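Engineer: Before I ask anything, let me first share the structure, which is written out below as structure tokens.
Residue numbers (the numbering used here): 10 to 166.
Now the structure itself:
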């Protein structure tokens, strides 16, 4: 296994979470449906708003990595939903399903592209940078989900 293969293997582990961080699946496991849209103290977001933000931002980074024709949402307004809670269980499940499928698609891209080559439509970004940004961004917001669950008394100790 060469150095790039080793790096990609480690990036995939980082993107999928775990190790030093909770995964999104861990952070959402056994979450009562009525807590998806509940505010916790003075914290600014609900779990639903964080899940949707993860979905939107990760989708944006994936699409940017794939095509110069992609238009990113307007920052910050279009990266954050206003609704505190999902409309229903189907909306909740669809959001999580998209997060998972977009992650799988990004990992496929990571494994099949030159991760160091600058994206022709960017200003120096490459797949490696996007992978690190997705992993960092997701870990940050997954930690916020855990904090909200702790404040609401719905997190395993």
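Even glycine gets a Cβ: it sits at the ideal position worked out from N, Cα and C. If you're wondering where the values come from, they're calculated on a predicted model, not measured in any experiment.
Buried or exposed: residue 149, going by 16 or more other Cβ atoms within 10 Å of its Cβ?
Structural biologist: Under this definition residue 149 is an exposed residue.
Engineer: List the whole-angstrom C-beta distance separating residue 114 from residue 71, where the pair is believed to meet the contact cut-off of C-beta under 8 Å.
Structural biologist: Between residue 71 and residue 114 the Cβ distance is about 6 Å, and since that is below 8 Å, they are a contact.
Engineer: With a cut-off of 8 Å, do at least 3 Cβ pairs link the segment 57-65 to the segment 88-106?
Structural biologist: Yes: the two stretches touch, three or more of their Cβ pairs being nearer than 8 Å.
Engineer: Grab me the residues of residue 47's own chain with a C-beta within less than 7 Å of its C-beta, minus the 5 sequence neighbours each way, in chain order.
Structural biologist: So the qualifying residues of the chain are 55, 161.
Engineer: Would you report the Cα separation of residue 119 and residue 155, rounded to the nearest angstrom?
Structural biologist: Taking the straight line from one Cα to the other gives about 28 Å.
Engineer: For the 8 Å Cβ check, are there 3 or more pairs between the segment 14-21 and the segment 95-107?
Structural biologist: Result no; under three Cβ-Cβ pairs closer than 8 Å.
Engineer: So the alpha helix (DSSP H) residue 67 belongs to, where does it begin and stop?
Structural biologist: Element bounds for residue 67: 56-75.
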